[in-house]
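**Student:** Dumping the structure here so I can ask a few things about it.
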Amino acid sequence: MLSKTFSFNRGIVIQDLRSVGWVFVAYFLCLLFALPLQILLKYSRDGHYHHIFMTDSTSLFAISNAFQVFLLFLMPVLLSIFIFRYLQVKLTSDYMHSLPIYRGALYHLHVILGLLLLLVPVILTGIVLFVLGSVIPLDEILSIGAILEWVAMTSFFNVFVFFAGVFVAMLTGMSVLQGALIYIMFLFPAGISLLVLMNLQIYWYGLSADYYLNQNVDKIVPFIRVNELTQTPLSGLELAGYTMVIIFFYLSSLWMYRKRNVEAATQAIAFRPLQPIFKYGVTFCAMLVGGLYFSAMTNNSLGWTIFGYVTASIIGYFLAVMILEKSWRVFTKWKGYAVYAVSVVIIGLIIQMDVVGYEKAIPQIDEINQVYFADSVHFLDEDEERYTNGFEQEIRPNYFYQDEVNIKNIHSFHEQLIADKPLIRANNEESRFVVFGYELQNGERQVRQYRIPVEDYESLYKPIVESQEYKQNQNPVLAVEDLSKLDRIALNVPQGGKRLVLTDPEEMNEFHQLLKVEIEEESYDDSFEYHAPWAEVEYLWTDNKRIRSQWKKSYVQIEEWLEQKGVLDQARITADDISHAIVIKSDEHSNIYEFIHENNLDHTLESRDDTLRINNADQLEEILRSTTWNSEGTYIVAFYYHQHMYPDFQTFPEDDVPDFIKEQL
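Residue numbering for the sequence shown follows full-length UniProt numbering, beginning at 1 and increasing consecutively.
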């Protein structure tokens with residue numbers, strides 16, 4: 001009897017190899033193409049020029065990275081679908097489970113075979129890479145350590161994805177749904193976090209979804225994490241986390257396989273107790289997507305947001321029921337939706353009431369160590385001093401404030417925004433974000449983000465923006481005293497391709513002192529001016545340290561200095577660079593890019609009758625001093641440069657439209 005059982009097991013293995021053996025062959029060939037062949041092709045092309053051949057990373061994941069990630073999340077999924085395909089077909093499921101073999105043994109037989117079919121191609125490819133490394137002098141990427149790391153990580157994620165597929169195979173009785181659910185499961189943690197936070201942001205005044213989504217949410221998306229292996233290996237904590245998930249998938253799948261009914265074949269969800277979770281989970285996610293969509297499309301209109309919630313949740317609910325029932329005749333089963341709707345309304349009211357006091361929470365001044373103040377949360381967790389790309393160190397603006405006066409001013413600003421909630425929520429005028437991030441004495445952090453009409457809060461912005469600490473934080477060039485190792489100062493003109501480079505030490509020092517004076521004397525209005533700068537200023541040291549600044553149109557002393565040096569025309573766009581300009585009025589005050597696209601202005605502007613053509617050099621110079629890159633504006637100007645085929649579109653701030661334009665348009 002034992003020999004018969006062993007022989008029969010061998011028969012199952014042979015049958016599995018016939019049905020899924022192609023995955024082994026396809027995977028091995030794809031890996032050979034992705035790594036050894038690509039290395040040979042590049043090496044034969046680039047020869048011994050390693051600096052051309054090598055990428056920034058010495059990891060083998062950097063070679064054909066996108067294709068490797070694609071294989072890692074395709075082959076194990078396909079294998080998990082096909083090797084347990086018999087579970088999803090009633091006849092084969094009945095046959096397999098009528099055989100004299102324990103379910104646990106059958107499960108392990110398929111799992112072990114699946115793992116071998118995935119891991120052997122990886123090991124064989126590693127051997128090929130080792131042989132290749134012995135004949136090609138590429139020690140950076142073909143070292144034993146690099147090859148072993150690639151084999152280990154590729155095998156590890158193959159096991160992870162395969163067991164995820166096996167886990168889903170036990171939950172469903174439909175192969176198509178299994179494939180979809182596997183990828184949904186990988187995206188679900190980050191996806192549901194995104195949906196919940198973005199929807200909470202609609203109702204909780206001050207909540208910053210971006211801040212929480214920036215807290216390594218991408219690390220829990222396997223696709224993204226594998227892609228990052230080129231630069232960032234798995235940490236010990238991540239390795240332990242993935243291992244625990246693999247063990248959970250393995251044990252859960254084994255338990256479900258033993259408990260699963262044969263009749264579950266062809267059922268969307270194999271276990272009846274899990275069907276409500278699927279049904280209401282789909283309903284909930286659909287509701288969040290619908291509400292978020294209509295809120296975004298209608299500038300947070302409450303009525304449209306609720307319409308999105310109701311409509312999308314109804315569609316999601318009945319779609320889920322159709323999948324479970326495998327029939328479209330499900331519209332009489334509305335009672336379950338009614339229960340769901342009542343529950344959601346109750347939860348929504350609790351959230352709206354803010355029973356936890358989230359919206360009004362603000363720390364006491366004596367609890368604050370430093371405060372982050374900016375228009376975005378994205379600099380909150382960055383190194384505020386330097387950004388390093390491997391070759392350069394860029395000194396960047398700092399957004400943290402420690403001066404007691406500034407902390408009090410920022411704190412008062414925040415208190416006023418909390419008090420003005422009804423006014424801000426009802427305001428549909430042009431606005432911008434403002435973010436407050438409190439670093440407390442006890443090590444905790446509190447972050448709030450608001451969208452406010454800036455003009456209404458100029459009196460609160462002004463003392464902060466005009467403070468010495470703010471100017472030093474936002475302009476790292478003010479901290480520069482030693483210019484002995486400064487290699488050059490470059491003024492780059494974005495529009496016309498002009499570039500002025502200062503290399504003479506005396507001239508660089510003169511320019512630097514003038515720029516510091518201009519920044520230190522800058523008023524609040526000049527700090528927030530929307531005029532396009534004349535040029536981007538770049539300091540570059542011999543040790544590759546870099547600082548960026550701007551030559552704003554309000555910096556008159558720099559303009560006079562450049563004119564004295566006779567290089568003004570090299571440092572900015574002048575009327576001599578422009579063939580002509582055409583001004584058109586947009587009565588809708590719409591986004592200029594939408595207006596340009598809708599009216600095909602790139603090609604039709606010069607032939608329109610409702611425009612003003614300007615050729616006079618003095619008028620062109622006046623326009624240049626007034627225009628901005630702001631996307632909103634009533635008057636749109638198109639500059640036609642001598643050396644460019646297409647016009648450069650800009651707008652005028654409302655208060656800076658030249659009189660001769662207002663008189664003629």
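All residues carry an ideal CB built from backbone N, CA and C; glycine is no exception.
Because the structure is a prediction, the values reported are computed rather than measured.
Is the beta carbon of Asn492 less than 8 Å from the beta carbon of Glu458?
**Tutor:** As a working note, residue 492 is residue 492 in the sequence shown. As a working note, residue 458 is residue 458 in the sequence shown. For Asn492 and Glu458, no; Cβs fall outside 8 Å.
**Student:** For Asn398, which three-state DSSP category applies?
**Tutor:** Here residue 398 is taken as the residue at index 398 of the sequence shown, counted from 1. DSSP places Asn398 outside both helix and strand once states are collapsed to three, so it counts as coil.
**Student:** How is Thr311 classed by DSSP in three states: helix, strand or coil?
**Tutor:** Here residue 311 refers to the residue found at position 311 of the sequence shown. The answer is helix: DSSP assigns Thr311 an H, G or I state.
**Student:** Using a 10 Å radius around the Cβ and a threshold of 16 neighbouring Cβ atoms, would you call Thr627 buried or exposed?
**Tutor:** In the sequence shown, the residue the question calls residue 627 occupies position 627. It is buried - the Cβ of Thr627 has at least 16 other Cβ atoms within 10 Å.
**Student:** Taking the CB atoms as reference points, tell me whether Tyr211 and Leu380 lie closer together than 8 Å.
**Tutor:** In the sequence shown, the residue the question calls residue 211 occupies position 211. In the sequence shown, the residue the question calls residue 380 occupies position 380. A contact, by the Cβ cut-off of 8 Å.
**Student:** In the DSSP assignment, the beta strand (DSSP E) including Ser64 goes from what residue to what residue?
**Tutor:** Within the sequence shown, the letter at position 64 stands for residue 64. Careful: Ser64 lies outside any beta strand (DSSP E) and carries neither H nor E.
**Student:** In terms of residue numbering, what span does the beta strand (DSSP E) encompassing residue 730 cover?
**Tutor:** Since the first and last residues shown for the chain are 1 and 665, residue 730 lies out of range.
**Student:** Where does His597 sit, in a helix, a strand or coil, going by DSSP?
**Tutor:** Start at 1 with the first residue of the sequence shown, and residue 597 comes out as number 597. Looking at His597 - three-state DSSP - the assignment turns out to be helix.
**Student:** Pull up the distance between the alpha-carbon of Pro647 and that of Phe639, whole angstroms please.
**Tutor:** As a position in the sequence shown, residue 647 is number 647, starting the count at 1. As a position in the sequence shown, residue 639 is number 639, starting the count at 1. When rounded, the distance between both Cα atoms is 5 Å.
**Student:** Which residues mark the beginning and the end of the alpha helix (DSSP H) in which Glu560 is found?
**Tutor:** Position 560 of the sequence shown, counted from the first residue, corresponds to residue 560. Val556 to Lys565 is the span of the alpha helix (DSSP H), which, as asked, contains Glu560.
**Student:** On the CB-based measure, 16 or more other CB atoms within 10 Å of its CB, does Ile464 come out buried or exposed?
**Tutor:** For the purposes of this step, residue 464 is taken as residue 464 along the sequence shown, with counting starting at 1. Buried, because 16 or more other Cβ atoms sit within 10 Å of the Cβ of Ile464.
**Student:** Would you check whether the ligand ZN has a heavy atom nearer than 7 Å to the C-beta of Gln664?
**Tutor:** The ligand ZN is absent from the structure shown, which contains no ligand whatsoever.
**Student:** Output the boundary residues of the alpha helix (DSSP H) element that contains Arg448.
**Tutor:** One-based indexing of the sequence shown puts residue 448 at position 448. Here Arg448 belongs to no alpha helix (DSSP H); instead the beta strand (DSSP E) covers Arg445 to Ile452.
**Student:** Less than 8 Å separating the beta-carbons of Phe67 and Ser19?
**Tutor:** For the purposes of this step, residue 67 is identified with residue 67 of the sequence shown, where counting begins at 1. For the purposes of this step, residue 19 is identified with residue 19 of the sequence shown, where counting begins at 1. Contact: no.
**Student:** Tell me whether Glu359 sits in a helix, a strand or coil according to DSSP, three-state version.
**Tutor:** For the purposes of this step, residue 359 is taken as residue 359 along the sequence shown, with counting starting at 1. DSSP places Glu359 in coil when its eight states are reduced to three.
**Student:** Kindly indicate the opening and closing residues of the alpha helix (DSSP H) around Glu439.
**Tutor:** Mapped onto the sequence shown, residue 439 falls at position 439. Looking at the DSSP string, Glu439 is not in any alpha helix (DSSP H); the run it does join, the beta strand (DSSP E), is Arg432 to Leu440.
**Student:** With a threshold of 16 other CB atoms inside 10 Å of the CB of Tyr49, please say whether the residue is buried or exposed.
**Tutor:** Against the sequence shown, residue 49 aligns to sequence position 49. The predicted position of Tyr49 is uncertain, since its pLDDT is 48 and thus under 50; no value can be drawn from it.
**Student:** If we count the other Cβ atoms within 10 Å of its Cβ and call it buried at 16 or more, is Thr232 buried or exposed?
**Tutor:** Sequence index remark: in the sequence shown, residue 232 carries index 232 (1-based). In the assembly as shown, Thr232 is an exposed residue. Its beta-carbon has fewer than 16 other beta-carbons within 10 Å.
**Student:** Taking 8 Å as the threshold, find out whether the stretch 603-616 comes into contact with the stretch 515-527 through three or more Cβ pairs.
**Tutor:** no
**Student:** Quick one: grab the DSSP three-state call for His378.
**Tutor:** Numbered from its first residue, the sequence shown carries residue 378 at position 378. His378: coil per DSSP, three-state reduction.
**Student:** Starting from the C-beta of Leu124, find all residues in its chain whose C-beta is less than 7 Å away, skip the five residues before and the five after it, and write them out in chain order.
**Tutor:** Against the sequence shown, residue 124 aligns to sequence position 124. Excluding positions up to five away in sequence, the list reads Phe28.
**Student:** DSSP state of Trp551, grouped into three classes?
**Tutor:** As a working note, residue 551 is residue 551 in the sequence shown. Residue state, collapsed to three classes: strand.
**Student:** Just confirm the distance between the C-beta atoms of Leu118 and Met75, as a whole number of angstroms; I'd bet it's less than 8 Å.
**Tutor:** Stepping through the sequence shown from its first residue, residue 118 is reached at position 118. Stepping through the sequence shown from its first residue, residue 75 is reached at position 75. Their Cβ separation, rounded to whole angstroms, is 7 Å, which keeps Leu118 and Met75 in contact under 8 Å.
**Student:** Please check the pair Asn630 and Tyr470, which I expect to be a contact at CB under 8 Å, by giving their CB distance rounded to whole angstroms.
**Tutor:** As a first step, residue 630 is located in the sequence shown; it is residue number 630 there, counting from the start. As a first step, residue 470 is located in the sequence shown; it is residue number 470 there, counting from the start. Rounded, the Cβ-Cβ distance is 22 Å, inconsistent with contact.
**Student:** Would you call the stretch 478-498 in contact with the stretch 438-451, where contact means no fewer than 3 C-beta pairs closer than 8 Å?
**Tutor:** no
**Student:** Nearest to Gln495 by CA position, among Ala617, Ala571 and Phe73, is which residue?
**Tutor:** Start at 1 with the first residue of the sequence shown, and residue 495 comes out as number 495. Checking every option, the nearest Cα to that of Gln495 belongs to Ala571.
**Student:** Below 8 Å, how does it come out for the stretch 289-299 and the stretch 255-269: are there three or more Cβ pairs, yes or no?
**Tutor:** no
**Student:** Express the C-alpha separation of Gly206 and Asp354 in angstroms, rounding to a whole number.
**Tutor:** In the sequence shown, the residue the question calls residue 354 occupies position 354. In the sequence shown, the residue the question calls residue 206 occupies position 206. Straight-line Cα distance between these residues: approximately 12 Å.
**Student:** Measure the beta-carbon distance from Arg546 to Glu394 and round it to whole angstroms, keeping in mind my assumption that it falls under 8 Å.
**Tutor:** Reading the sequence shown from its first residue, position 546 is the one you call residue 546. Reading the sequence shown from its first residue, position 394 is the one you call residue 394. Confirmed, about 5 Å.
**Student:** Looking only at its chain, what residues have a beta carbon closer than 7 Å to the beta carbon of Gly437, apart from the 5 residues adjacent to it on each side?
**Tutor:** Within the sequence shown, numbered from 1, the residue matching residue 437 stands at position 437. Excluding residues up to 5 positions away in sequence, Val371, Tyr372, Leu380, Arg445 and Val447 lie with their Cβ nearer than 7 Å to the Cβ of Gly437 in the same chain.
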